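Note sheet for the following structure.
Numbering (the numbering used here), first residue to last: 2 to 852.
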């Protein structure tokens, strides 16, 4: 039912929330002061009730704006308030997130991401249509939140009628009092004291930490919680998607999916799946979430919280241009925020899977994003607003000077600002796009100088602004990859994205198309909406919106935007301008067929340094756009061999090379030859590989030396994609399992092990290095390797290339030996050193046999 009266009074349930005990103090503080700081625990009603309270009090005839740090929170809060007000969401109560504005001329309460509020400041730096701005979840200190607070600091000088409320569950109020008091005098702090029910803290540290032990500990604690309280819901905080999937599997192994609803919640999940956590199932819910559930999302009925104490924290390294996504221990404030999710509707308990001493040693608050992220987008927005003196802008926490300089330099390299830090003509065309600077540069480059691929550039920008629509459901990952392999484009991930989007757009039944191809329909619909809006902005800027041009031109536009991430193929890895080693991410269309040169839209360190969204590029483009790298990589016009990169003929359908034999004799063994498109392939059974390894030096026909080869061990494969000659040469020194049953993973693959936190696990598995093992997912196998993130973090990884495993492990052990003086490290170094000697002896012998 839609009521004619608005605003509606609070329901009996809402009126019982703790914030209403402070209602008069809040209304008085906001009426009398320009800035008010509100501090209250999770679930006290700050997010949903405070805006309605102000609306009923008639604080302002203008609109009330509320910012949220995440899109999911903005949407869910808007729907919740609209439901309480018994109005249609999008009318009196609305929301606005990037590419999705559900608000209008009748909207009085507008919930938005902080990025939207920043975008509005371009046309209206004092936000004249708002009477009140509520900055919610300010404790997160995101880059956008700090930027908004800095702009508000300036706007308050010109808007004595504007009211600002800084709201959070865990906040250092004095910092914000001091920040705003110089422009508006007294800043009152209103504290909401309440946690409706007590929460019992329990400490259950994991003695031998690994991904498997974390998942098993979660399953044990969930089982125990359900025995204690069979009706309450359980909320589990985990560091990432992989940990969530492992925990789901552990819970299913215990049969809990039969009696409970097991629900994942993480950023990459499609929105419909995320919103299932709010649904009623008539049975207990087990919600496995990342820190996305720490903020404004309130899930009713949670009585138990299980906290891993971990989160994935992004960091940016200006020197290399690499983003690092590290698994780190959370702050005490985040831990308390997680604890606050229990005990809202009944007495609760919080089980922390770490020691109390560990908690006490953690930092009080998470460090602000302005101290650890790339500032290029923020600097471009500041320059657009006319801020010349970047160093003096009023941020609550001043950014490091080096990060500001790095941001300025990256924008100058894009051609967005000049030496005086003013917008260039290109920069003026970039800023209207709600995109990061590199994507905006891509769209402008295409629309201005390559008009026939402007439409494709907007598709790619929309695609890159969203999470990937490619789905890999638990238990169906391999099938999904096989199905999606048909979209792989030899030009790289750009071509793949365009292919998928075009095919989806043209499909008669889009729902069926998505189901058949493991695609998220909601994400593709979002990309389509973004694509249309980008085309509209481009047209308004006088840029082309045409499409259907040559693939070369689109690839060149991508290279212009991402020239900073240029890479050269060094065999088993790529090298970027800083000299760092980079590997193609397994999801890349170019994985297994790496080009000579490439650019990546993103280079990030997770388990290792990966390049994502990779495009093959021509050497001539690098000579034009990155002459510094061209000189270092010795690229000269007279030495460039014919370049086949950039052909727009995809899938020519050529048959197998002529005269491919059905079998091949390799020493004492006759093996079958598999002919098909591309090079022939030889599958060596494990017994055949072991026999060839004992046969000594063997000669191969010249035509067969570059055929693809691999070792088949049961359902798994080793050394997939290795040239036949290389594999035969390496077999005498290659560690191989005796039987297929021996090929299983015994290392904690992928778990970040820090010297102080995971020392025991780190040392315990060193004797297993370079042993053949199965990977945790898929059908590939490889050799156990130790990887170092360049700091004090290490992880075990099963690498499909033995040479790569040896070199990576040697480097990691060298670093580890400098940090830990332990016999296990010395023994592992000796084993790996011997393996290196044997490996290079075999490689040298192979070179000799070729000559």
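Here a beta-carbon is modelled for each residue, glycine too, at the ideal position from N, C-alpha and C. Note that the coordinates shown come from a computational prediction; the quantities given were computed from them, not determined experimentally.
On the criterion of 16 or more Cβ atoms from any shown chain inside 10 Å, does residue 129 qualify as buried, or is it exposed?
exposed
Could you give the first and the last residue of the continuous beta strand (DSSP E) run that contains residue 569?
567 to 570
Nearest-angstrom beta carbon gap, residue 459 and residue 541 [assumed within contact, 8 Å]:
Between residue 459 and residue 541 the Cβ distance is about 13 Å, and since that is not below 8 Å, they are no contact.
Please state whether DSSP places residue 651 in a helix, a strand or coil.
Note on residue 651: pLDDT 28, under 50, position unreliable in the model; no value is reported.
Alpha helix (DSSP H) containing residue 796: first to last residue?
Element bounds for residue 796: not the alpha helix (DSSP H) but the beta strand (DSSP E), 794 to 800.
Any 3 or more C-beta pairs closer than 8 Å across the stretch 364 to 379 and the stretch 321 to 340:
yes
Whole angstroms is fine: what's the gap from residue 742's alpha carbon to residue 808's?
27 Å
Cα-Cα separation between residue 719 and residue 493, rounded to whole angstroms:
25 Å
What do you get for residue 43, buried or exposed, if any count of 16 or more other CB atoms within 10 angstroms of its CB means buried?
buried
Please report the distance separating the alpha-carbon of residue 212 from that of residue 751.
8 Å
Who does residue 351 pair with in a DSSP beta bridge?
202 and 306
Could you spell out where the beta strand (DSSP E) holding residue 709 opens and where it closes?
709 to 714
Please identify the residue among 110, 160, 127 and 226 whose C-alpha is closest to the C-alpha of residue 34.
160
What is the residue span of the beta strand (DSSP E) that residue 773 lies within?
773 to 775
Is it right to say residue 353 is buried, meaning 16 or more other beta carbons lie within 10 angstroms of its own, or is it exposed?
buried
Backbone secondary structure at residue 730 - three-state DSSP
helix
To the nearest angstrom, how far is the alpha carbon of residue 592 from that of residue 536?
31 Å
Look up residue 657 in the DSSP assignment and say whether it is helix, strand or coil.
Caution applies to residue 657, whose pLDDT of 39 falls short of 50 and renders its modelled position unreliable; the value that the coordinates give is listed next. Three-state DSSP puts residue 657 in coil, outside helix and strand.
I'd like to know whether the C-beta atoms of residue 203 and residue 345 end up nearer to each other than 8 Å.
no
For the structure I just gave you, are there three or more beta carbon pairs, one from the stretch 264 to 274 and one from the stretch 511 to 531, closer than 8 Å?
yes
Alpha helix (DSSP H) segment containing residue 249, residue limits:
242 to 254
Residue interval of the alpha helix (DSSP H) (run including residue 151):
144 to 156
In the stretch 35 to 89, which residue ranges form an unbroken beta strand (DSSP E) of at least 3 residues, counting only runs that do not cross its ends?
36 to 40 and 64 to 69
Beta-carbon gap between residue 636 and residue 567 smaller than 8 Å:
no
Quick check on residue 579: does DSSP put it in helix, strand or coil?
coil
Tell me whether residue 3 is buried or exposed, calling it buried when 16 or more other Cβ atoms sit within 10 Å of its Cβ.
Low confidence applies here, because residue 3 scores a pLDDT of 41, under 50, leaving its location unreliable; read the following figure in that light. Counting Cβ neighbours within 10 Å, residue 3 comes out exposed, since fewer than 16 surround it.
Residues in the same chain with beta-carbon distance under 6 Å from residue 80, minus the five sequence neighbours each way, listed in chain order, please.
90
Can you give the Cα-Cα distance for residue 58 and residue 38, rounded to whole angstroms?
18 Å
Look at the alpha carbon of residue 95 and the alpha carbon of residue 153, and state the distance between them as a whole number of angstroms.
22 Å
When we look at the beta-carbon of residue 289 and count the other beta-carbons within 10 Å, is it buried (16 or more) or exposed?
buried
By the 10 Å Cβ neighbour count, where 16 or more other Cβ atoms means buried, how is residue 527 classified, buried or exposed?
buried
On the DSSP letters alone, give me the boundaries of the alpha helix (DSSP H) that residue 287 sits inside.
From DSSP, residue 287 is part of no alpha helix (DSSP H) but of the beta strand (DSSP E) over 286 to 290.
Going by DSSP in three states, residue 645 sits in which element: helix, strand or coil?
A caution first: residue 645 carries a pLDDT of 48, below 50, which makes its placement in the model too unreliable to give a value.
Using CA atoms only, rank isn't needed, just tell me which of 73, 550 and 285 is closest to residue 299.
73
Is residue 119 helix, strand or coil by DSSP?
helix
How would you label residue 379, buried or exposed, when you count the other beta carbons within 10 angstroms and need 16 or more for buried?
buried
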